[in-house]
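In the numbering used here, the protein residues as written are 211 to 395.
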């Protein structure tokens, strides 16, 4: 009889600890998935990564050259642990520092630069702007606002670039044509 009581007691203890182990494992899994820049963590949040958008849905002219943004056919949006960057040909928005995603929205204050083709973008005036990115079913919807909160540009939903793929950066604003200036002979 003692053997049956021992077996019954061992079964009860095993059942109680199995539930506890499952609860601990679930808590650890939830904590691990919650870390990322989107949640103030280490870089694996829902918005973290690189996204590509190929169209500007709308541009207003409040201080931003509409033609310079519209002439960029591809834009890369990068959310890293150290900042947020949106770039196209002869155009860039940059924010350096920590950022937080709240309810699927990232809002950062940074600067954009815009320059005509054939000039050095790094020498263009940096103008204050706010980038707002929101998760939508089609990807990440990005809007750029000026210092007064007016919309500068609204981009098509950006699709995530798979981690195994190296995204092609937009062409440089200042480029040198090959074959120009060759000596005869």
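Glycine residues also receive a C-beta, built at the ideal position from the N, C-alpha and C atoms.
None of these values were measured; they are calculated from a predicted model.
ask   = Which residue spans inside the stretch 341-394 form an unbroken beta strand (DSSP E) run of at least 3?
value = 349-356 and 361-365
query = Leaving out the 5 sequence neighbours to the left and right, which residues in its chain are closer than 7 Å to residue 334 when beta-carbon positions are compared?
reply = 323, 324 and 325
request  = Would you kindly work out how many angstroms separate the C-alpha atoms of residue 331 and residue 300, rounded to a whole number?
outcome  = 6 Å
key: 7 Å Cβ shell around residue 388 - same chain, five flanking residues per side excluded   = Low local confidence applies: a pLDDT of 44 at residue 388 is under 50, so the model's placement there is unreliable, with the coordinate-based value given in what follows. Correct list: empty, nothing qualifies.
task = Taking residue 306 as the reference, give the member of 320, 313, 297 and 312 with the closest Cα.
result = 320
key: Euclidean distance between Cα positions of residue 374 and residue 298   = 22 Å
task = Please state if the CB of residue 352 and the CB of residue 360 are separated by a distance shorter than 7 Å.
result = no
task = Kindly indicate the opening and closing residues of the beta strand (DSSP E) around residue 309.
result = From DSSP, residue 309 is part of no beta strand (DSSP E); its letter is neither H nor E.
query = How many Å lie between residue 308 and residue 349 at the Cα?
reply = 22 Å
message = If you follow the beta strand (DSSP E) that residue 324 is in, where does it begin and where does it stop?
response = 315-324
key: Segment limits, beta strand (DSSP E) that includes residue 288   = 285-290
query = What residues match up with residue 263 in a beta bridge as DSSP calls it?
reply = 285
key: Buried/exposed call for residue 341, threshold 16 Cβ in 10 Å   = buried
task = Please say whether residue 369 and residue 338 have beta carbons closer to each other than 7 Å?
result = no
inquiry  = Tell me the rounded alpha-carbon separation between residue 354 and residue 345.
reply    = 15 Å
query = Where does the unbroken beta strand (DSSP E) through residue 328 begin, and where does it stop?
reply = Run containing residue 328: none; DSSP gives neither H nor E here.
request  = Output the distance between the C-alpha atoms of residue 364 and residue 327, rounded to the nearest integer angstrom.
outcome  = 22 Å
query = Excluding sequence positions up to five away, which residues of its chain have a Cβ less than 8 Å from the Cβ of residue 377?
reply = 260, 262, 286 and 371
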